[in-house]
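Notes follow the structure.
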Amino acid sequence: MTTNVAVLEARDLSRTLAQPGGPKSLLRNVGFRLDQGQVLAVLGPSGAGKSTLLRMLNRLDEPTSGAVLLQGVDTRDVDPRTLRRRIGIVMQQAYLFPGAAAANVRYGPAQHGILLQDSQVADLIQQVGMAGYEDRDVSTLSGGEAQRISIARALANQPEVLLLDEPTSALDDVSKQDIEHLLASLVRERNMTCVWVTHDVAQAGRVSDLVLRLEAGHSIAFGTSQELLHA
Amino acid sequence: MLKLLFHTQVTLGLGQAAAVAVLAIIVAQFASRRGAKIGREIPLVLLRGIVQILLVGFLIVALLHGPWWTGIPVLIVMIFIAATIVRRRVPELSGAYTLSLLCMAAGAGGVLTVMTVLGIVEPKIIILVPVGSMVIAQNMNIQSLFLNRFLGEVRSHRGEIESALALGAAPDHAAEPYLRASFHASLIPATDNLRSLGIVWIPGMMAGMVLSGTSPVYAALYQFVILGMIFIAGAVSCLTATYLVPRRVFTPQQQLRRLS
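Protein chains in written order, with the numbering used here: chain A, 63 to 293; chain B, 3 to 262.
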């Protein structure tokens with residue numbers, strides 16, 4: 063008998079901040095499950111709890127209650143550094159480290175004692191459409207180029223799950239389309255499980271299999287994008 | 003001019019202190035008009051400073067007749083008070099008091115102990131307390147600068163630090179560039195003091211020694227020793243902080259804490 067274990071599952075996730083004026087609930091009892099290769103779009107207005115949810119998935123923030131399971135294992139039982147290698151994240155801004163693009167791509171594997179060969183770095187940079195940029199100082203890159211390098215940097219760790227925190231929202235319209243297309247094709251080619259936070263309903267419709275709608279920290283809808291966006 | 007108004011040494015000193023305080027308050031008021039919110043703080047700081055230094059003067063007079071080791075508890079109390087002052091500079095850092103205490107105990111405490119054991123600082127109360135207080139006070143400033151700068155770096159590079167964590171970096175490694183920058187910045191005044199010694203300034207202690215009849219060459223060498231001790235104490239305390247402070251800004255789950 064085989065059991066169907068989800069690649070990533072969130073169970074009743076809540077996060078409350080203790081504040082001087084009383085506790086503030088950022089997210090309440092949110093749950094979903096994702097199988098291999100599924101893309102979940104998390105939709106909602108500003109302050110809905112989208113980024114909070116994402117940050118709890120790779121434990122950049124701690125849930126107040128609930129659990130996150132990666133391949134059926136509670137992430138609290140996994141060393142945070144190992145967990146973050148297995149669940150990669152691309153943030154709204156690239157936040158590249160000073161230096162060459164190649165050094166940024168090498169950063170993640172180096173944290174786990176793996177030195178990427180020049181050919182591996184070149185291959186990753188080429189996959190994000192930046193062939194030949196290995197030695198470029200990141201301070202000279204445009205917003206879109208920097209985001210491409212940050213995607214290569216996240217992929218260098220070979221994550222099982224990729225979290226995307228509004229990766230196109232800080233970009234101009236042309237770069238936005240390019241990066242969306244790049245991410246969508248990389249995720250499909252690698253059959254990656256992915257959580258894609260966006261406030262753009264049309265983008266969610268283009269890239270996702272499942273949709274989770276959040277509002278004021280509550281889950282108000284969860285289903286296939288066909289049901290929720292294309293009906 | 004003041005000598006015409008005040009005829010004893012103590013009243014002259016009080017008059018000189020009052021004149022300096024009035025000038026400092028006037029400058030602070032001008033600075034406040036330019037938005038440097040120090041107008042209210044400065045009068046209190048001046049009052050506190052003069053009361054404290056007078057008390058220390060009386061204390062040294064009282065201690066002069068005791069054995070040399072009575073200076074040790076005095077210096078220990080100074081380190082405790084210095085840690086309280088550092089904590090006030092970084093109220094958003096949890097455990098700042100214990101952290102500063104440990105760092106300054108390692109820095110100022112360690113250097114004074116080694117220097118006394120080596121005989122570089124004579125175990126005489128009249129030397130131990132003033133020299134020790136100079137080292138502790140400067141160590142306190144360096145420690146404040148380090149923590150203040152580090153928290154500022156963390157606040158302004160939150161994205162970079164969390165990106166590093168998200169790629170699997172250990173907290174110490176994620177914070178390393180900012181610890182390095184803070185370490186360097188906090189020691190700039192101490193290194194500049196050494197660099198400009200004798201060219202830009204002649205320290206008060208050296209001037210005092212010369213006025214009291216000590217050989218100017220020995221006074222100069224001794225002043226160099228004091229500044230060297232200040233630098234070593236500051237470097238040791240900040241180095242200790244680079245190991246201890248990441249535990250205060252990261253959670254046990256290796257998450258970056260929110261700083262107000």
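Ideal Cβ positions, reconstructed from N, Cα and C, are used throughout, including at glycine.
Per-residue DSSP class, three states only, for residue i
i	result
A:G181	It should be pointed out that residue 181 of chain A corresponds to Ser in this sequence rather than to Gly. In this structure, A:S181 counts as helix in the three-state DSSP scheme.
A:K86	strand
B:G215	coil
A:I176	coil
A:R77	strand
A:S270	coil
A:L158	coil
B:H186	helix
B:T253	coil
A:M63	In this predicted model, A:M63 has a pLDDT of only 48, less than 50, meaning its place in the structure is not dependable; the value taken from the coordinates is given anyway. Looking at A:M63 - three-state DSSP - the assignment turns out to be coil, as it is neither helix nor strand.
B:I122	coil
B:N195	helix
A:L96	strand
B:G17	helix
B:I204	coil
A:T286	strand
B:A209	helix
A:T126	coil
A:R275	strand
B:V92	coil
B:L261	coil
A:N91	strand
B:G236	helix
A:G150	strand
A:H243	helix
A:T255	strand
B:G10	Gly is not the amino acid found at residue 10 of chain B; the sequence shown has Thr there. B:T10: coil per DSSP, three-state reduction.
is_contact[residue i, chain A] using C-beta, thresh 9 Å
i	result
B:E124	no
B:G97	no
B:H175	yes
B:T253	yes
B:E2	Not covered by the structure: residue 2 of chain B. The range shown for chain B is 3 to 262.
B:S184	no
B:L167	yes
B:E164	yes
B:H9	no
B:A187	no
B:G170	yes
B:L14	no
B:L196	no
Spatial neighbours of residue i in its chain, beta-carbon cut-off 7 Å, leaving aside the 5 residues before and after
i	result
B:V92	A98, L149, N150, L153
A:A193	I187
A:T260	A103, L105, E228, A266
A:Y114	Contrary to the premise, residue 114 of chain A reads as Thr rather than Tyr in this sequence. Taken in chain order, the residues that qualify are R77, L88, L89, D123.
B:I144	S188, L189, A192, G236, S239, C240
A:Q133	V67, V69
Minimum Cβ-Cβ distance from residue i to chain B less than 9 Å
i	result
A:G170	yes
A:E124	yes
A:M153	yes
A:K216	First, the residue type needs correcting, since residue 216 of chain A is Ala and not Lys in the sequence shown. Judged by the 9 Å Cβ criterion, A:A216 is in contact with chain B.
A:P142	yes
A:M63	With a pLDDT of only 48 at A:M63, under 50, the local geometry of the prediction cannot be trusted, and the value read off the model is given with reservation. Judged by the 9 Å Cβ criterion, A:M63 is not in contact with chain B.
A:Y157	yes
A:N120	yes
A:S108	no
A:S212	yes
A:R77	no
A:N219	yes
Neighbourhood of residue i by C-beta distance below 6 Å, restricted to the same chain and skipping five residues each side
i	result
B:W70	P125, K126, I127
B:L103	A85
A:M63	Interpretation of A:M63 is limited by its pLDDT of 48, a score under 50 that renders its predicted location unreliable; the figure taken from the coordinates is listed afterwards. There are no such residues.
A:G99	N253
A:G111	L88, L89, L276, G279
A:L131	E71
Whole-angstrom C-beta distance between residue j and residue i, which should lie under 8 Å
i	j	result
A:L122	B:Q140	So it is not a contact: roughly 39 Å between Cβ atoms.
A:L116	A:L225	5 Å
A:N166	A:R146	Not really, about 16 Å apart at Cβ, beyond 8 Å.
A:L272	A:S287	6 Å
B:P45	B:I62	Their Cβ separation, rounded to whole angstroms, is 26 Å, which puts B:P45 and B:I62 out of contact at 8 Å.
A:L248	A:V200	About 20 Å separates the two Cβ atoms, so there is no contact after all.
Own chain residues within Cβ distance below 8 Å of residue i, not counting five before or after
i	result
B:I163	V156, A176, A177, Y180, L258
Residue-chain proximity (residue i, chain C), Cβ-Cβ < 9 Å
i	result
A:Q173	As a matter of chain content, chain C is missing from the structure shown, whose protein chains are A and B.
4 or more residues per run - each alpha helix (DSSP H) lying fully within the segment 125-183 of chain B: 127-158, 160-168
Length at least 4, wholly inside the segment 193-234 of chain A: the alpha helix (DSSP H) runs in chain order: 205-217
Every unbroken alpha helix (DSSP H) inside the segment 19-81 of chain B [4 residues or more]: 43-65
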